[in-house]
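These protein sequence lines are chains A and B, in that order.
Going by the UniProt record's numbering, the first sequence opens with residue 1, and the numbers climb by one from there.
Going by the UniProt record's numbering, the second sequence opens with residue 1, and the numbers climb by one from there.
Structure, as structure tokens:
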Amino acid sequence: MKNRKHINVKTIFSLTLVLILLSSCERELSDEAVFATFPNTAEIYTDSPVGLTDEFFRSFDPALGANPEAFGTDDNVAFEGNSSIRIDVPAPNDPNGNFVGGIFLDRGEGRNLTEYTALTFWARASITASIGLVGFGTDFEENKFAVERRNIPLSTDWRKYIVPIPDPSKLVQEKGMFVFSAGGLDIIDSEPNGNEIGFTFWMDELRFENLSTIAQLRPAIFSGEDLTEQGFTGTILPVVGLEATFNAPSGENITVLPAPRYFDFSSSDTNVAFVNELGLIEIVGEGTTTITGQLDGVLAQGSLNLEVLGSFVGAETPPVRDPGDVISIFSDAYTSVTNLNFAIFNDPNVQVQTQSFNGDQIVTYDNLGFVGLGWDGTNDVSGMTHLHVDVQLTSSTNPALTVELIDFGADNADGGGDDTGGGFVVPSSDLTEGTWVGIDIPINAFTQATGGGFSGSPNLNNIARVAFISNGSSFIIDNIYFYRE
Amino acid sequence: MNKSLNKIIGFLFVSSLCITGCGADDTQTVATFTSLVAEDNFDVDGQIDTSFWNFDIGDGSEQGIPGWGNNELQFYTDRTENVTVENGFLLITARQEDFNGAQYTSARLQTQGKIQQQYGRFEARIRLPFGKGMWPAFWLLGDDSDGNIWPQIGEIDIMENTGDAPTEIFGTVHGPGYSGANSISKTYTFQDSRVDTDFHIYGIEWGPDYINYYVDDVLYYQMTPKVLAEETNGEGEWVFNDRPFYIILNLAVGGNLPGPPNAETVFPQTMVVDYVRVYENIETNSTN
Numbered sequence: 001m002k003n004r005k006h007i008n009v010k011t012i013f014s015l016t017l018v019l020i021l022l023s024s025c026e027r028e029l030s031d032e033a034v035f036a037t038f039p040n041t042a043e044i045y046t047d048s049p050v051g052l053t054d055e056f057f058r059s060f061d062p063a064l065g066a067n068p069e070a071f072g073t074d075d076n077v078a079f080e081g082n083s084s085i086r087i088d089v090p091a092p093n094d095p096n097g098n099f100v101g102g103i104f105l106d107r108g109e110g111r112n113l114t115e116y117t118a119l120t121f122w123a124r125a126s127i128t129a130s131i132g133l134v135g136f137g138t139d140f141e142e143n144k145f146a147v148e149r150r151n152i153p154l155s156t157d158w159r160k161y162i163v164p165i166p167d168p169s170k171l172v173q174e175k176g177m178f179v180f181s182a183g184g185l186d187i188i189d190s191e192p193n194g195n196e197i198g199f200t201f202w203m204d205e206l207r208f209e210n211l212s213t214i215a216q217l218r219p220a221i222f223s224g225e226d227l228t229e230q231g232f233t234g235t236i237l238p239v240v241g242l243e244a245t246f247n248a249p250s251g252e253n254i255t256v257l258p259a260p261r262y263f264d265f266s267s268s269d270t271n272v273a274f275v276n277e278l279g280l281i282e283i284v285g286e287g288t289t290t291i292t293g294q295l296d297g298v299l300a301q302g303s304l305n306l307e308v309l310g311s312f313v314g315a316e317t318p319p320v321r322d323p324g325d326v327i328s329i330f331s332d333a334y335t336s337v338t339n340l341n342f343a344i345f346n347d348p349n350v351q352v353q354t355q356s357f358n359g360d361q362i363v364t365y366d367n368l369g370f371v372g373l374g375w376d377g378t379n380d381v382s383g384m385t386h387l388h389v390d391v392q393l394t395s396s397t398n399p400a401l402t403v404e405l406i407d408f409g410a411d412n413a414d415g416g417g418d419d420t421g422g423g424f425v426v427p428s429s430d431l432t433e434g435t436w437v438g439i440d441i442p443i444n445a446f447t448q449a450t451g452g453g454f455s456g457s458p459n460l461n462n463i464a465r466v467a468f469i470s471n472g473s474s475f476i477i478d479n480i481y482f483y484r485e
Numbered sequence: 001m002n003k004s005l006n007k008i009i010g011f012l013f014v015s016s017l018c019i020t021g022c023g024a025d026d027t028q029t030v031a032t033f034t035s036l037v038a039e040d041n042f043d044v045d046g047q048i049d050t051s052f053w054n055f056d057i058g059d060g061s062e063q064g065i066p067g068w069g070n071n072e073l074q075f076y077t078d079r080t081e082n083v084t085v086e087n088g089f090l091l092i093t094a095r096q097e098d099f100n101g102a103q104y105t106s107a108r109l110q111t112q113g114k115i116q117q118q119y120g121r122f123e124a125r126i127r128l129p130f131g132k133g134m135w136p137a138f139w140l141l142g143d144d145s146d147g148n149i150w151p152q153i154g155e156i157d158i159m160e161n162t163g164d165a166p167t168e169i170f171g172t173v174h175g176p177g178y179s180g181a182n183s184i185s186k187t188y189t190f191q192d193s194r195v196d197t198d199f200h201i202y203g204i205e206w207g208p209d210y211i212n213y214y215v216d217d218v219l220y221y222q223m224t225p226k227v228l229a230e231e232t233n234g235e236g237e238w239v240f241n242d243r244p245f246y247i248i249l250n251l252a253v254g255g256n257l258p259g260p261p262n263a264e265t266v267f268p269q270t271m272v273v274d275y276v277r278v279y280e281n282i283e284t285n286s287t288n
């Protein structure tokens with residue numbers, strides 16, 4: 001038997017020689033360029049890291065709260081074999097950081113993943129919690145082909161998780177093998193407010209797989225909505241809401257968020273706008289164009305109908321005033337409040353977008369039901385005489401606009417029984433489509449009861465919110481500030 | 001365990017060994033009846049062969065079974081929007097639309113009085129729809145022209161699927177004492193394929209005292225009076241040696257088994273049929 005085996009090996013050896021000879025013959029005969037191909041290693045972590053960088057785990061920036069100490073391996077727990085990845089999700093008050101997350105990188109020049117259809121792994125947790133983000137393609141460089149799956153629920157038993165690859169043909173040289181991020185579990189109010197609890201989860205058998213049971217790709221741009229917006233020449237808008245939904249073998253739909261480079265975007269009139277590979281719409285001329293997208297040859301649900309009337313004309317620059325005569329919420333002409341949030345609360349249908357033109361930032365609220373602006377701290381505006389807002393109506397029919405103020409009361413906090421608020425109804429005859437209107441509301445004119453339940457005429461010593469209420473109309477807003485004459 | 005079942009399992013095991021050992025050319029022999037007696041290959045675009053098929057129309061009310069006996073949600077029509085032939089395939093399409101009081105439309109074709117036979121081999125090559133609420137089926141009902149009623153006439157479900165389980169189909173028999181929720185069923189699970197992206201061949205080979213269920217080259221179930229007796233504690237009556245059966249192809253929406261469609265269900269959905277074929281066993285069929 002041994003002898004025979006030996007002979008076989010010899011035969012194989014000579015066969016190999018022949019093959020080598022053949023291929024070297026081929027080489028001499030052909031001048032065709034040979035493209036570099038990269039290894040197609042499927043495994044990422046089995047009982048140890050496979051082909052990853054020596055550091056194995058690269059944490060998100062600890063300066064942003066990422067906790068690099070929370071990552072490790074566990075030789076006592078495994079789905080298969082004898083080891084798994086163990087993540088101790090920190091509590092919010094952990095001095096080392098309040099969340100855990102980072103990436104695994106290929107140790108070489110990247111892998112060829114074109115033959116796989118999904119990233120898969122098994123996971124279980126100490127309690128029924130969830131991981132905020134899992135995926136691949138994030139390499140802390142360009143993240144060209146990043147794919148994210150959000151909020152996967154974990155069980156206390158091992159379960160298999162799938163992250164479909166939106167279009168494997170793109171992944172000829174991918175370095176970003178895995179990305180994840182997880183924060184504490186909130187069992188009380190789903191608000192990130194410090195009451196979350198830490199937990200532990202384990203991941204094992206992390207690899208790319210060629211599953212032929214993932215199917216029915218349905219891509220989407222603009223989250224599947226058909227939008228109509230006005231744009232201005234010389235500006236850039238992002239294609240947002242990129243999604244790819246697959247049907248898993250379990251029958252469950254899995255939606256991942258792919259990077260723009262997975263899509264082929266097109267514009268029906270490239271003299272009006274075109275879309276680059278980063279998913280940015282560059283508006284170059286007047287007219288109308290429709291932006292659509294495809295993923296792996298499948299037309300994405302959702303589109304943007306872009307109406308371009310010309311270049312943007314800003315609101316009139318506010319007059320120079322003594323700093324003591326102005327409390328500015330949002331204006332490039334004055335020093336404004338810090339950490340302004342353009343939608344600290346809002347209805348589900350409004351589209352909020354900020355843009356800058358020649359150093360002047362504006363905010364657009366399309367299809368506005370209601371939106372509130374919030375910022376750090378509160379302001380005493382009792383010494384001011386007016387609130388000024390510049391408004392341009394951008395929709396056509398029956399506009400409505402109410403401006404509201406909300407005061408947090410002496411506790412300077414949302415709630416607590418001392419909050420007050422009131423609204424001022426802007427006469428709809430003041431609103432003209434495509435024209436900036438400066439509205440100056442006397443500080444004591446916010447007398448209307450609000451949709452949020454306040455009875456009108458708020459206190460003015462601890463103003464914390466300015467809100468806009470409408471009927472689905474669309475507006476551009478600039479220069480929101482209190483002043484005194 | 002039933003001896004013949006053991007045999008099947010043994011056979012399956014040997015066959016799968018063989019496939020791994022010597023390549024995919026070696027396939028299991030799942031059917032032996034080769035005498036073709038009827039087939040529809042759906043070769044004429046835009047036309048359903050009415051010498052082969054009848055349409056069942058409506059929501060079942062006219063037949064005295066509103067919701068077709070299962071609280072199904074669709075209204076069956078014979079409009080081309082719901083049933084047509086294109087590129088050599090029969091397309092049965094379920095749509096979400098308000099129609100005669102229903103929220104969905106679809107189609108159901110059957111062959112009663114046209115193509116019906118006792119015993120033999122019935123098979124079809126089909127690609128199924130997907131999504132919660134989809135309920136496609138390829139099945140046989142006993143001819144009731146002698147005045148007998150279901151379940152006495154018998155029902156042989158060659159292939160059923162619910163759209164929320166894209167890798168599973170099941171074969172079922174219904175008869176007196178084992179009908180509806182108490183029917184006897186066997187699930188087949190595709191390991192590396194799906195029902196909605198690939199065509200598969202679904203069939204039975206049926207003779208006196210047995211019904212063999214197969215998918216592609218895999219025999220996955222054998223129903224016999226002995227299995228029936230075991231499953232029903234001896235109560236079930238074998239009604240499959242009694243009468244000719246006819247074919248039904250339909251795509252139901254909602255109903256007791258799959259539950260209603262949900263927000264994620266994509267419409268329209270189409271069941272694509274490449275062919276339907278009926279064979280006879282020269283020995284048993286000729287002695288009928």
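For every residue, glycine included, the Cβ atom is placed at its ideal position computed from N, Cα and C.
All values reported here derive from a predicted model rather than from experimental measurement.
Problem - Where B:Val227 sits in the DSSP three-state scheme - result: helix
Practice task
Tell me, please, whether the CB atom of B:Glu264 is closer than 9 Å to any CB atom in chain A?
Solution key: yes
Exercise for the section: Starting from B:Arg127, follow its DSSP beta bridges and name the residues at the other end. Expected result: B:Val272
Problem - Cα-Cα separation between A:Asp88 and A:Phe201, rounded to whole angstroms - result: 7 Å
Handout entry: Identity of the residue in B:Thr232, B:Trp206, B:Asn100 and B:Ser51 nearest B:Cys110 by Cα
Key = Going by the sequence as given, residue 110 of chain B is Gln instead of Cys. Checked all of B:Thr232, B:Trp206, B:Asn100 and B:Ser51; the closest Cα to B:Gln110 is B:Ser51.
Handout entry: Distance, A:Pro319 Cα to A:Ile127 Cα
Key = 59 Å
Practice task
Give the secondary structure of B:Ser145 by DSSP, where H, G and I count as helix, E and B as strand, and everything else as coil.
Solution key: coil
Problem - Within 7 Å of chain B by C-beta, residues of the region 309-325 of chain A in sequence order - result: none
Practice task
Quick one: grab the DSSP three-state call for B:Glu280.
Solution key: strand
Practice task
Following the continuous beta strand (DSSP E) through A:Phe222, name the residue where it begins and the one where it ends.
Solution key: It is not in any beta strand (DSSP E) - A:Phe222 carries neither H nor E in the DSSP assignment.
Practice task
Identify the contact partners of B:Arg194 in chain E, using a Cβ-Cβ distance below 9 Å as the criterion.
Solution key: Here the protein chains are A and B, and chain E is not one of them.
Exercise for the section: Look up A:Trp158 in the DSSP assignment and say whether it is helix, strand or coil. Expected result: coil
Problem - chain A contact for B:Asp217 (CB, 9 Å cutoff) - result: no
Exercise for the section: Work out the CA separation of B:Trp206 and B:Val30 for me, nearest whole Å. Expected result: 12 Å
Exercise for the section: Please classify A:Ser428: does DSSP put it in a helix, a strand, or coil? Expected result: helix
Handout entry: For A:Ile476, the three-state DSSP class (helix, strand or coil)
Key = strand
Problem - Bounding residues of the beta strand (DSSP E) (the contiguous stretch that carries A:Glu148) - result: Val147 to Pro153
Exercise for the section: Compare the C-beta of A:Asn253 with all C-beta atoms of chain B and state if any pair is closer than 9 Å. Expected result: yes
Handout entry: B:Ile65 versus B:Gly101: straight-line alpha-carbon distance, rounded
Key = 16 Å
Problem - Segment contact, 8 Å Cβ cut-off, at least three pairs: the region 374-389 of chain A with the region 329-341 of chain A - result: yes
Exercise for the section: Inspect the CB distances between the region 250-260 of chain B and the region 214-234 of chain B and report whether three or more fall short of 8 Å. Expected result: no
Exercise for the section: Only counting runs of 3 or more residues, tell me where the beta strand (DSSP E) segments fall wholly within the region 61-109 of chain A, in order along the chain. Expected result: 71-74, 84-89 and 99-105
Problem - Given 8 Å, three or more beta-carbon pairs between the region 87-105 of chain A and the region 163-172 of chain A - result: no
Practice task
With DSSP as the reference, please indicate the residues paired to A:Ala125 in a beta bridge.
Solution key: A:Phe201
Problem - Neighbour-count burial assignment, B:Gln222, 16 or more Cβ in a 10 Å radius - result: buried
Practice task
List the residues of chain A whose Cβ lies closer than 7 Å to the Cβ of B:Ala165, in chain order.
Solution key: Gly251
Exercise for the section: Within the same chain, show all residues whose beta-carbon is closer than 6 Å to that of A:Pro39, passing over the 5 residues directly before and after it, in chain order. Expected result: Arg111
Problem - Neighbour flag for B:Ala24 against chain A, beta carbons, 9 Å - result: Confidence is the limiting factor: at B:Ala24 the pLDDT is only 41, short of 50, which leaves the residue's position unreliable, though a coordinate-based value still follows. Closer than 9 Å: no.
Practice task
Taking only beta-carbon positions, decide if B:Phe190 is within less than 9 Å of chain A.
Solution key: yes
Practice task
Note the first and the last residue of the continuous beta strand (DSSP E) segment covering B:Gln110.
Solution key: Arg108 to Gln110
Practice task
Please say whether B:Glu97 and B:Trp135 have beta carbons closer to each other than 9 Å?
Solution key: no
Handout entry: Under 8 Å from the C-beta of B:Phe75: neighbouring residues of chain A
Key = Residues of chain A passing the Cβ test: none, with the nearest at roughly 26 Å.
Practice task
Name the one or two DSSP bridge partners that B:Ala102 has.
Solution key: B:Phe99
Problem - Limits of the unbroken beta strand (DSSP E) element including B:Val173 - result: Glu168 to His174
Handout entry: Beta carbon proximity, B:Thr270 to chain A, threshold 9 Å
Key = no
Practice task
Name the one or two DSSP bridge partners that A:Gln351 has.
Solution key: A:Asp366
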